[in-house]
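Position 256 (the sequence shown) corresponds to 256 in UniProt numbering; numbering is contiguous. For glycine and all other residues, C-beta sits at the position ideal for the given N, C-alpha and C. Here the structure is a predicted model, which is why all the values come from computation and not from measurement.
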Amino acid sequence: MRPDADPKALSDRSRIARRSASWTLAHAIESGQEPAGAQSIQRALVLLNLVGVLARDRPEGVSLSELTRVSERPKASVRRVLLALVQAGYVEQDPVTSRYRLGLQAAVLGELASRGADRLGSLSTDSLIRLSDVSEDTAFLTVRHGSYAVCARRQEGPGPIRNYALAVGDRHPLGVGAGSLAILSALPDDEVDAVLATTAPARTHYPRFDDDTLRRLVRRTRTAGYALNDGLVVPGSWAIGVAVNDGTGRPVAALSVASIAERLGGQRREELAEVLRREAETVHAALAATNESIREG
Numbered sequence: 001m002r003p004d005a006d007p008k009a010l011s012d013r014s015r016i017a018r019r020s021a022s023w024t025l026a027h028a029i030e031s032g033q034e035p036a037g038a039q040s041i042q043r044a045l046v047l048l049n050l051v052g053v054l055a056r057d058r059p060e061g062v063s064l065s066e067l068t069r070v071s072e073r074p075k076a077s078v079r080r081v082l083l084a085l086v087q088a089g090y091v092e093q094d095p096v097t098s099r100y101r102l103g104l105q106a107a108v109l110g111e112l113a114s115r116g117a118d119r120l121g122s123l124s125t126d127s128l129i130r131l132s133d134v135s136e137d138t139a140f141l142t143v144r145h146g147s148y149a150v151c152a153r154r155q156e157g158p159g160p161i162r163n164y165a166l167a168v169g170d171r172h173p174l175g176v177g178a179g180s181l182a183i184l185s186a187l188p189d190d191e192v193d194a195v196l197a198t199t200a201p202a203r204t205h206y207p208r209f210d211d212d213t214l215r216r217l218v219r220r221t222r223t224a225g226y227a228l229n230d231g232l233v234v235p236g237s238w239a240i241g242v243a244v245n246d247g248t249g250r251p252v253a254a255l256s257v258a259s260i261a262e263r264l265g266g267q268r269r270e271e272l273a274e275v276l277r278r279e280a281e282t283v284h285a286a287l288a289a290t291n292e293s294i295r296e297g
């Protein structure tokens with residue numbers, strides 16, 4: 001049986017998906033200052049995101065009760081928003097089980113968005129494959145989106161270790177995670193300050209990532225030449241990352257490798273960091289050759 005197909009692995013992946021959904025909700029939900037109409041739109045978008053994240057590894061979909069629990073909204077309100085999303089085609093409801101999953105219209109929008117946004121992913125594909133082959137672990141592409149970072153691609157290595165701490169679509173404040181920290185550390189100090197100010201409310205859900213800790217991690221990253229996540233996000237899950245600059249020299253993404261602590265220490269870590277730097281430069285050169293700057297969002 002493949003390591004990523006056994007019941008424990010699937011359970012871990014489901015648990016992390018639920019946690020990711022809760023974190024996404026925490027920094028997507030409205031602050032209460034927007035007009036009522038904007039709040040309604042935000043609630044709908046949050047629920048749409050939750051359906052996608054929670055049903056990611058469950059083809060049968062997600063139940064109304066789970067969406068109600070995770071969103072911490074009244075069941076009647078959740079049902080009303082879901083009905084509107086179903087009618088618009090962004091969510092579909094199984095007629096037998098009544099569970100929800102993303103609908104055709106969501107897939108259409110994803111396809112339209114990917115035609116432009118996935119250029120970076122396409123240019124990174126070969127690098128991710130090489131990184132996963134060399135490390136025998138999981139390689140990731142993380143893309144900057146304003147003051148946050150989104151996991152855009154992941155590539156499993158041939159080794160026995162499977163890392164489920166980060167899945168495609170997961171979104172965290174800049175600085176949380178190796179790739180995200182690499183991006184933050186590549187920014188000038190004034191932008192680092194601005195990011196920390198923007199993400200402060202969201203980082204209350206990441207108690208290990210206060211301002212002082214992040215500034216210390218930024219200094220360590222700049223000194224080492226790579227970012228290290230030594231189990232701060234998920235205990236036991238380590239990762240190293242290097243920022244990727246676009247054609248204008250702006251950090252827009254990061255490549256990273258994740259594994260367990262025993263596989264990312266000492267000389268091996270330094271060797272992998274050098275491979276990461278080389279692949280990051282390869283992607284940068286490809287971006288520069290296209291003469292395009294990837295939008296940060």
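Problem set entry | beta strand (DSSP E) runs wholly inside the UniProt domain "HTH iclR-type" (38 to 104), at least 3 long, in chain order | 91 to 93, 100 to 102
For this session: Label V283 either buried or exposed according to how many other C-beta atoms from any shown protein chain fall within 10 Å of its C-beta, with 16 as the threshold for buried.
Result: As a working mapping, residue 283 is identified with position 283 in the sequence shown. Label assigned to V283: buried.
Problem set entry | Environment of I41 [buried if 16+ CB atoms lie within 10 Å] | The sequence position of residue 41 within the sequence shown is 41, counting from 1. Exposed is the call here.
Exercise. Where DSSP assigns a beta bridge to Y226, which residues make up the other side?
Worked result: Counting from one through the sequence shown, the residue named residue 226 turns up at place 226. Per DSSP, none; premise fails for Y226.
Problem set entry | Helix, strand or coil at A289 [DSSP, three-state] | Locating residue 289 in the sequence shown gives position 289, where the first residue counts as 1. A289: helix per DSSP, three-state reduction.
Exercise. The beta strand (DSSP E) spanning T138 covers which residue range?
Worked result: Your numbering for residue 138 matches position 138 in the sequence shown. Its beta strand (DSSP E) spans residues 138 to 145.
Exercise. Are the beta-carbon atoms belonging to S185 and T142 less than 8 Å from one another?
Worked result: Along the sequence shown, read from residue 1 onward, the residue named residue 185 stands at position 185. Along the sequence shown, read from residue 1 onward, the residue named residue 142 stands at position 142. Taking 8 Å as the Cβ cut-off, S185 and T142 do not qualify as a contacting pair.
Exercise. Which residues in the same chain have their Cβ closer than 6 Å to the Cβ of V234, if we skip the five residues on either side of it in sequence?
Worked result: By one-based count along the sequence shown, residue 234 stands at place 234. Only A165 meet the Cβ criterion.
For this session: Count the other C-beta atoms from every protein chain shown that fall within 10 angstroms of the C-beta of L109, then say buried if there are 16 or more, exposed otherwise.
Result: Along the sequence shown, one-based indexing puts residue 109 at 109. Exposed.
For this session: Taking 8 Å as the cut-off, decide whether the C-beta atoms of L174 and T199 are in contact.
Result: Mapped onto the sequence shown, residue 174 falls at position 174. Mapped onto the sequence shown, residue 199 falls at position 199. Going by C-beta atoms, L174 is nearer than 8 Å to T199.
Exercise. Can you tell me the Cα-Cα spacing of A107 and D94, whole angstroms?
Worked result: Numbered from its first residue, the sequence shown carries residue 107 at position 107. Numbered from its first residue, the sequence shown carries residue 94 at position 94. About 17 Å.
Exercise. Which first and last residues belong to the alpha helix (DSSP H) in which V134 is found?
Worked result: Residue 134 sits at position 134 when you count from the first residue of the sequence shown. Looking at the DSSP string, the run of the alpha helix (DSSP H) that includes V134 is 119 to 135.
Exercise. Can you tell me the Cα-Cα spacing of L128 and L255, whole angstroms?
Worked result: Residue numbering aside, residue 128 sits at position 128 when the sequence shown is read from its first letter. Residue numbering aside, residue 255 sits at position 255 when the sequence shown is read from its first letter. Rounded to whole angstroms, L128 to L255 spans 8 Å at the Cα level.
Problem set entry | Coil, strand or helix - I240 by DSSP | Here residue 240 refers to the residue found at position 240 of the sequence shown. Looking at I240 - three-state DSSP - the assignment turns out to be strand.
Exercise. In angstroms, rounded to a whole number, what distance separates the CA positions of R219 and L64?
Worked result: Here residue 219 refers to the residue found at position 219 of the sequence shown. Here residue 64 refers to the residue found at position 64 of the sequence shown. Straight-line Cα distance between these residues: approximately 45 Å.
For this session: Would you identify the three-state DSSP class for R208, choosing helix, strand or coil?
Result: Here the question's residue 208 lines up with position 208 in the sequence shown. Coil, per DSSP.
Problem set entry | Closest residue to R208 among N229, G61, I161 (Cα-Cα distance) | Reading the sequence shown from its first residue, position 208 is the one you call residue 208. Closest option to R208, Cα to Cα, is N229.
Exercise. V150 bridges to which residues according to DSSP?
Worked result: If you number the sequence shown from 1, residue 150 lands on position 150. Answer is V143, R171, bridged to V150.
Problem set entry | Buried versus exposed, by CB contacts within 10 Å (16 or more), S132 | The count along the sequence shown starts at 1 and reaches residue 132 at position 132. Burial call: buried.
Exercise. What span of residues does the alpha helix (DSSP H) with I183 cover, start to end?
Worked result: Taking the sequence shown and counting its residues from 1, one reaches residue 183 at position 183. Per DSSP, I183 belongs to the alpha helix (DSSP H) from 178 to 185.
Problem set entry | Host alpha helix (DSSP H) of A194 (start-end) | As a first step, residue 194 is located in the sequence shown; it is residue number 194 there, counting from the start. Here the alpha helix (DSSP H) through A194 covers 189 to 199.
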